[in-house]
Amino acid sequence: MAGPHENLEHAEHAAHTNKNIALLISVIALFLAFSETLGKSAQTSAISYNVEASNLWAFFQAKTIRMTTLTTAAETRKIDSAATAEAAIKDVMAKQIDTWQKTAARYNDEPDTNEGRKQLAARAKDAESKRDTAMARYHHYEVASAAFQIGIVLASATIITSMMMLAWLSVSLAGLGLMFTAIGFFAPHAVHLF
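In my numbering, the protein residues as written are 14 to 207.
Have a look at this one:
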């Protein structure tokens with residue numbers, strides 16, 4: 014039978030262990046808060062870049078429709094001009110054809126305003142690239158959050174069961190969570206899980 018002195022030592026050891034586990038839970042919860050915050054930020058960025066890319070592609074399509082309409086009108090007017098014998102009408106038609114062709118060319122390439130089709134396509138592809146990076150970050154932060162959450166549960170179970178192996182598993186999951194947080198932050202395209 015254990016004496017009162019041994020019971021007191023055992024209780025003090027259990028209390029000290031529980032304090033350490035509580036501290037571990039607090040630290041993992043802090044890491045969880047960071048990964049959740051980074052994940053929400055990445056998710057919001059991904060949505061914003063997706064909307065931006067969609068808007069730019071819609072603008073690209075509108076410019077394409079306008080350019081096609083003007084090109085078709087210019088070609089039709091050339092045919093009409095060939096059928097007309099009057100020089101004055103041909104001159105007016107030629108000026109209109111020239112105006113439409115210049116406008117169609119401007120719709121295709123307008124570096125001054127960065128709103129030509131070529132520029133819009135480049136901007137849309139850039140937004141898509143940023144969206145993909147933000148989504149990759151988001152997925153890594155989500156994996157990190159899951160690892161932190163499971164680590165917290167295992168650390169909590171350590172207090173109830175006194176099985177220190179659960180605490181070590183909790184520490185390992187926290188390390189895994191930190192690794193995925195770092196991957197998401199520094200090299201989101203390094204590991205492809207999804």
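All residues carry an ideal CB built from backbone N, CA and C; glycine is no exception.
Keep in mind the model is a prediction, meaning the values are calculated, not measured.
- The Cβ atoms of Leu43 and Ala168 do not sit closer than 7 Å to each other.
- If you ignore the 5 residues before and after Ala87, its C-beta comes within less than 6 Å of the C-beta of Ile110, Trp113 and Gln114, all in its own chain and listed in chain order.
- Using a Cβ distance threshold of 7 Å, Ser58 and Ser158 do not count as a contacting pair.
- With respect to the 7 Å criterion, Ser94 and Lys108 are not classified as neighbours on the basis of their beta carbons.
- Comparing C-alpha distances from Ile196 to each of Gly129, Ala137, Ala149 and Asn68 shows the shortest one belongs to Ala149.
- Per DSSP, the unbroken alpha helix (DSSP H) holding Ser142 starts and ends at Arg130 to Thr174.
- For Tyr62, the CB contacts under 8 Å within the same chain, skipping 5 residues up- and downstream, are Ala140, Glu141, Lys143, Arg144 and Ala147 in chain order.
- Excluding residues up to 5 positions away in sequence, Tyr120 lie with their Cβ nearer than 6 Å to the Cβ of Arg79 in the same chain.
- With a cutoff of 7 Å on beta-carbon distance, Tyr154 and Leu69 are scored as not near each other.
- Contact annotation: Ala160 and Leu186 have beta-carbon atoms nearer than 7 Å.
- In its chain, beyond the 5 residues on either side, Ile38, Ile41, Ala42, Leu45 and Ser183 have a beta carbon closer than 8 Å to the beta carbon of Ile165.
- Thr171 sits buried, since 16 or more C-beta atoms from the chains shown fall within 10 Å of its C-beta.
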